[in-house]
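Working notes for the structure below.
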Amino acid sequence: MIRIKGVKKSFGDLKVLNNINLEIPQSNVSAIIGPSGAGKSTLIRAVNALEDIDSGEIIVDGVSVHDKKTNINKIRTEIGFVFQSFNLYPFLTALENVTIASINVKKTDKAEAIERGRELLSSLGLEDKFHSYPSKLSGGQQQRVAIARALAMDPKVMLFDEPTSALDPEMIKEVLDAIRKLAKSGMTMMVVTHEMGFAKEMCDQIVFMADGSIIEVAPPKTFFTNPVSPRAQDFLSKVL
Ligand code: ADP
Ligand code: MG
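Right, here's the structure in full:
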């Protein structure tokens, strides 16, 4: 579903992605982990064309994301992205946040979009928050609205960049549970996370990055019990 081939990217003199190659099959959930500054955010932002690349290619469901002929807006509706900071529209209710893009961008029939928005919010435990404004919601609730908003576009792929990093500890679980549910539904996902328990238990593969390179790709069991590279061993000794 996602093919990343020989991707390189620099910011000025700084090499941030150094020949990245990665394949993510349909329904696979990959955790992207590694130290701060490794290039994790740059990589997943590139998958969504939020970030340009200098060379290489990223193909999502057969479409070359950075090809000049590719319609970037279409790509972005097909790839859901959930950030650390929820970025909800403050002047719209939860339900309006979830439906606005499908109504305005996807031109979904309004009643249909609202029906689907209610379903999504309900499935994420927000059935009593349809008409709440973001300022009246907890961080965990706002992040679940952000997930519902991404899902409202019926994406083929979901990308998460540290979705729980801005949350108080007691809210992390509700957001991870939402992501877990999504994984069980067969969604293809790349999740940048510092939640090692989640990565271990939920993900099909661990992608360990450091210094702009992928150092190791392994099933969680293998990675967490028997990391091969010294970088990964060092990282795990600090976070576990
Ligand atoms: P991670 O998400 O793994 O912490 P990032 O992808 O955010 O890493 O960043 C990788 C490197 O690229 C870091 O050294 C960061 O400072 C640098 N970087 C990220 N975005 C920019 C930018 N827009 N301009 C310059 N440097 C950047
Ligand atoms: Mg980051």
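To convert, note that position 206 of the sequence shown is 206 in the UniProt record's numbering; the numbers rise steadily by one, no gaps. Here a beta-carbon is modelled for each residue, glycine too, at the ideal position from N, C-alpha and C.
Just list the residues that DSSP pairs residue i with in beta bridges.
i, result
"Phe160", "Val82 and Val191"
"Lys9", "Leu17"
"Ser30", "Met190 and Gln205"
"Arg3", "Glu23 and Ile59"
How many whole angstroms separate the CB atoms of residue i and residue j, which I take to be in contact at a CB cut-off of 8 Å?
i, j, result
"Ile33", "Ile206", "6 Å"
"Ser138", "Pro90", "Actually they are not in contact, since the Cβ atoms of Ser138 and Pro90 sit about 15 Å apart, beyond 8 Å."
"Ile58", "Thr188", "Rounded, the Cβ-Cβ distance is 14 Å, inconsistent with contact."
"Val47", "Met158", "That pair is no contact at about 11 Å."
"Gly80", "Leu151", "6 Å"
"Met153", "Ser122", "With a Cβ gap of about 18 Å, Met153 and Ser122 do not count as contacting."
"Asn226", "Ala146", "Their Cβ separation, rounded to whole angstroms, is 36 Å, which puts Asn226 and Ala146 out of contact at 8 Å."
"Asn19", "Gly37", "Not quite, the Cβ-Cβ distance comes to about 18 Å (not below 8 Å), so this is no contact."
"Leu120", "Ala148", "4 Å"
"Met196", "Leu240", "6 Å"
"Lys9", "Ile53", "5 Å"
"Phe160", "Val192", "7 Å"
Please state whether DSSP places residue i in a helix, a strand or coil.
i, result
"Ile20", "strand"
"Gln141", "helix"
"Leu14", "strand"
"Val239", "helix"
"Ile53", "coil"
"Met209", "strand"
"Val63", "strand"
"Ala38", "coil"
"Ala218", "strand"
"Gly125", "coil"
"Val47", "helix"
"Asn71", "coil"
For residue i, verify whether its CB is less than 7 Å away from any heavy atom of the ligand ZN.
i, result
"Glu162", "As for the ligand ZN, it is missing from this structure, which binds only the ligand ADP and the ligand MG."
Quick one: does residue i have its CB under 8 Å from some CB of chain D?
i, result
"Asn226", "Given the protein chain composition of this structure (a single chain), no chain D is represented."
Using a strict less-than 5 Å threshold between each residue's beta carbon and the heavy atoms of the ligand ADP, what residues do you get? Phe11, Val16, Ser36, Gly37, Ala38, Gly39, Lys40, Ser41 and Thr42
Evaluate contact between the segment 57-74 and the segment 108-116, counting only Cβ atoms and requiring at least three cross-stretch pairs below 8 Å. no
Three CB pairs or more closer than 8 Å across the segment 87-103 and the segment 163-174: Pairwise C-beta distances place the segment 87-103 out of contact with the segment 163-174, as fewer than three of them are shorter than 8 Å.
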